[in-house]
Every structure is written in structure tokens, then in C-alpha cells.
Amino acid sequence: MRIAALLLLLASCLPLAAAAQELAGPRPLVVAADPVLRLGDIFEGAGPRAAQPVGAAPAPGQRLVIEAPQLLALARAHGLAWRPLSAQERVVVERPGQAVPREEILAALRAALLVHGLDAEAELELGPLTSPMVPPGTPPQLAAEAASLDPARSRFGATLVVMAEGMPVLRQRVAGRVVATLPAVVATRRLALGEVVGPGDVRLVRLRAERVRPGTVERPGQVIGQQLRRPMGAEAPFLSADLAPPALVEKNALVTMEVEAPGLALTAQGRALEAAPRGALVPVMNLASRTVVEGQVIGPGRVRVAMGAAPLRAEAR
């Protein structure tokens, strides 16, 4: 008798358990990973109907708010035993996204504009742009349609096409400015006054033409081996006026004075009164006679003096 009563009690509880399974409640926050929203994404306890599609998820990086009347309509349409407790009940659906890198957008635009005569060395300056979003971890495919180029106004326009798995094709109109560039040699590090520039001290870049000053050096060969007339900061462009041939004779340094004539070669010790590069004329004081003459720098610490050169002045002993 007791067993029969227990079985009867269990049987009476089965409809209650089944009804409890049908009870559903909305999730306050939903993070959608797929482009399609399903009933189970929105309602907990949706049971066998959980996989039923109910609409499109928001675009990557966007959010969707489902208010109480919409939730009630969804519950009724799919036979869920739920009613809102207040008009403030709602579900917020968010879909993660990652922004398409600006560099990739510019590359797609450049490829399309080259066909229309864009200078390959010019820069593209985009106007105000909200970078399109794609699902996280999904590499986008970009293209540009209906590209146009106005050389007279240095303006361009195009329709950016963004394709990625898990989202519909996105088209976004973009526009901007074409900026001309010029070659320039810049310093790779800080350089001190008087340093001789080496190959590792320079780098060839392209700068916006509006930023390039007259006299800016355009080829590394014009800089390497030259001596600086002023200090240089890292990434600063070299100007021709900043450079001079390296001094082979330093100011107040001892030099060998060479006097040559047919069948005659004489040398004497002197002191350079100024610094000078190869081929330059420099005043030199003969240490023996204290006479100052002008000589031409012919090598490190070597100065050629013409036979019979008139003294510039005589130093007091």
C-alpha cells in the first residue's frame, strides 16, 4: 500500500516538474558570438526550443537592446511561460568586434587609386573615419570600389568594402586628401657638433613636401663622411648647410709643412691656426721662424706651402 501511494505521489509531481522546465527567464546580458541570435541566447530555460533562431545578432562591435514588450512577444511566439515583472525588464545583446587596422584600409585605397594615376610615393590622409569592425580573430578582406581622384584639389574618394566570416558585406564611403612627399635623409641617433657622419648614422625616408625645408639632403651619399657644423637630434633631417668636409687639420694642431720646388723638397714643423678640410687653405705658423704663412691641406696633419710664399704675419717670440 505504501509503495502504491508513493508511486501515485511521484506520478502527480511529474506534470509539475515538466511545467518547471518550461519556465524561462531572460538573460540580462548576452554576448553573441554568432551572427544569428537563438532563443536560448535570450532566455534561460528555453528547453528544446533553445536552438530556434529568432533574429540577427548586432554587427561586430555593436549592441542591441530588447525591451520588455519584445521579450513578451518572443516568449508567446515560442510557447515560453514567461511574463515581464515590470516594464523595465530588458536584454542587452553585445557582439565583440575588432577594428580593421587603419594601415590595411589605406593599403586597399592606395591599390585602387594607383589605377587612377595616384603618385606611388604620395601619402593618403583619411578624413574622419570610424574604423569598421569585424568578428575577433577573423582576418578581413578589403577592397575599394568607385574610387575617384581629383589631382587639382588633391582629394580622393572611394567606397570601402569589408568582408569577413560571420558578418554581411559592409560598404562604407571614405574620402581624404593626397599629400605629396619628398625624399629626405634623417639622423638615426643624436649626433654631436664636429662628428663625422657614418653609414649607420643616416636613414632615407620620405617626408610630406610641406615639411621639407629648402636645402634638405635627399641622398645618403651626400651626408656620409661629412662633418657636422651643428648638433643633430634623432630623426632630424640633414640640411646641406649643416655639413662640411671633415677637417684633416684641427685648430692649434701640429702639422708638417711641405715646401716643394723643382728638384727640392723641404719640411718644417708648424701649428695650424684654424681647422680645415682637404684642399682648403689654412694659416700655419712656422715653429722655427714664428712666421705665419698660408698653406693648403693635402692630408691628415700635412700642409703644402708654396715656395716663396709671402708671410701673413710674424708672431712675437
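One gets the numbering used here by counting positions in the sequence shown from 1 and adding 54 to each. Backbone N, C-alpha and C fix where the C-beta goes; we use that ideal spot for every residue, glycine too.
Where does Q276 sit, in a helix, a strand or coil, going by DSSP? Counting from one through the sequence shown, the residue named residue 276 turns up at place 222. Three-state result, Q276: helix.
Distance between beta carbons of G171 and P205, contact taken as under 8 Å: On the sequence shown, position 151 is the one that residue 205 refers to. On the sequence shown, position 117 is the one that residue 171 refers to. The C-beta separation of P205 from G171 comes to about 7 Å, placing the pair in contact by the 8 Å criterion.
As a quick exercise: from A78, R262 and P112, pick the residue whose alpha carbon is nearest that of P384. A query on residue 384 cannot be resolved here, the shown segment of the chain reaching from 55 to 371 and no further.
Reducing DSSP to helix, strand and coil, say where R332 ends up. Mapped onto the sequence shown, residue 332 falls at position 278. Of the three classes helix, strand and coil, the one that applies to R332 here is coil, per DSSP.
Can you check DSSP and say which residues form a bridge with L258? In the sequence shown, residue 258 corresponds to position 204, counting from 1. DSSP lists V239 as partners of L258.
Those runs of the beta strand (DSSP E) which lie wholly inside the stretch 158 to 240 and span at least 3 residues: Correct list: 177 to 180, 195 to 204, 209 to 217 and 224 to 233.
Could you pull out every residue in the same chain whose Cβ sits closer than 7 Å to the Cβ of L183, ignoring the five residues on either side in sequence? By one-based count along the sequence shown, residue 183 stands at place 129. Shown here for L183: same chain residues with a beta carbon closer than 7 Å to its own, the five before and five after excluded, namely V228 in chain order.
Rounded to whole angstroms, what is the Cα-Cα separation between P107 and E121? Along the sequence shown, read from residue 1 onward, the residue named residue 107 stands at position 53. Along the sequence shown, read from residue 1 onward, the residue named residue 121 stands at position 67. Cα-Cα distance, rounded: 18 Å.
Can the beta-carbon of L134 be found less than 8 Å from the beta-carbon of G109? Here the question's residue 134 lines up with position 80 in the sequence shown. Here the question's residue 109 lines up with position 55 in the sequence shown. No. Outside cutoff.
Buried versus exposed call for A162 [16 or more other C-beta atoms within 10 Å across all chains shown]: Here residue 162 is taken as the residue at index 108 of the sequence shown, counted from 1. A162 counts as buried, since no fewer than 16 other beta carbons sit within 10 angstroms of its beta carbon.
Could you compute how far the alpha carbon of V313 sits from the alpha carbon of Q280? Counting from one through the sequence shown, the residue named residue 313 turns up at place 259. Counting from one through the sequence shown, the residue named residue 280 turns up at place 226. Distance between the alpha carbons of V313 and Q280 is about 29 Å.
By the three-class DSSP mapping on this structure, what secondary structure does R244 have? If you number the sequence shown from 1, residue 244 lands on position 190. Note: R244 maps to coil in three-state DSSP.
Nearest neighbour of P300, chosen from R260, R273 and V251 [CA to CA]: Residue numbering aside, residue 300 sits at position 246 when the sequence shown is read from its first letter. Comparing alpha-carbon positions, the option among R260, R273 and V251 lying closest to P300 turns out to be V251.
From the DSSP secondary-structure annotation, give me the bridge partner or partners of Q350. Along the sequence shown, read from residue 1 onward, the residue named residue 350 stands at position 296. In DSSP, Q350 forms a bridge with L335 and R358.
Euclidean distance between Cα positions of Q142 and E289: The residue you call residue 142 lines up with position 88 of the sequence shown. The residue you call residue 289 lines up with position 235 of the sequence shown. Going from the Cα of Q142 to the Cα of E289 covers about 58 Å.
Find out if the Cβ-Cβ distance for the pair I96, R117 is shorter than 8 Å. Taking the sequence shown and counting its residues from 1, the one referred to as residue 96 is at position 42. Taking the sequence shown and counting its residues from 1, the one referred to as residue 117 is at position 63. Contact flag unset, no.
Same chain, Cβ closer than 7 Å to L341, neighbours up to 5 away in sequence not counted: The residue given as residue 341 occupies position 287 in the sequence shown. Cβ within range, chain order: Q323, G324 and R325.
Taking A241 as the reference, which of G151, A307, E264 and I278 has the closest Cα? Taking the sequence shown and counting its residues from 1, the one referred to as residue 241 is at position 187. The residue from G151, A307, E264 and I278 with its alpha-carbon nearest to that of A241 is I278.
Per DSSP, cross-strand counterpart(s) of I96: Your numbering for residue 96 matches position 42 in the sequence shown. Per the DSSP secondary-structure output, I96 pairs with nothing in a beta bridge.
Inspect the beta-carbon positions of G115 and G151 and report whether they are closer than 8 Å. What you label residue 115 is simply residue 61 of the sequence shown in a count that begins at 1. What you label residue 151 is simply residue 97 of the sequence shown in a count that begins at 1. Yes. Within cutoff.
Any contact between the stretch 187 to 194 and the stretch 230 to 247? By contact I mean 3 or more CB pairs, one from each, below 8 Å. Counting Cβ pairs under 8 Å, fewer than three are found: no touch.
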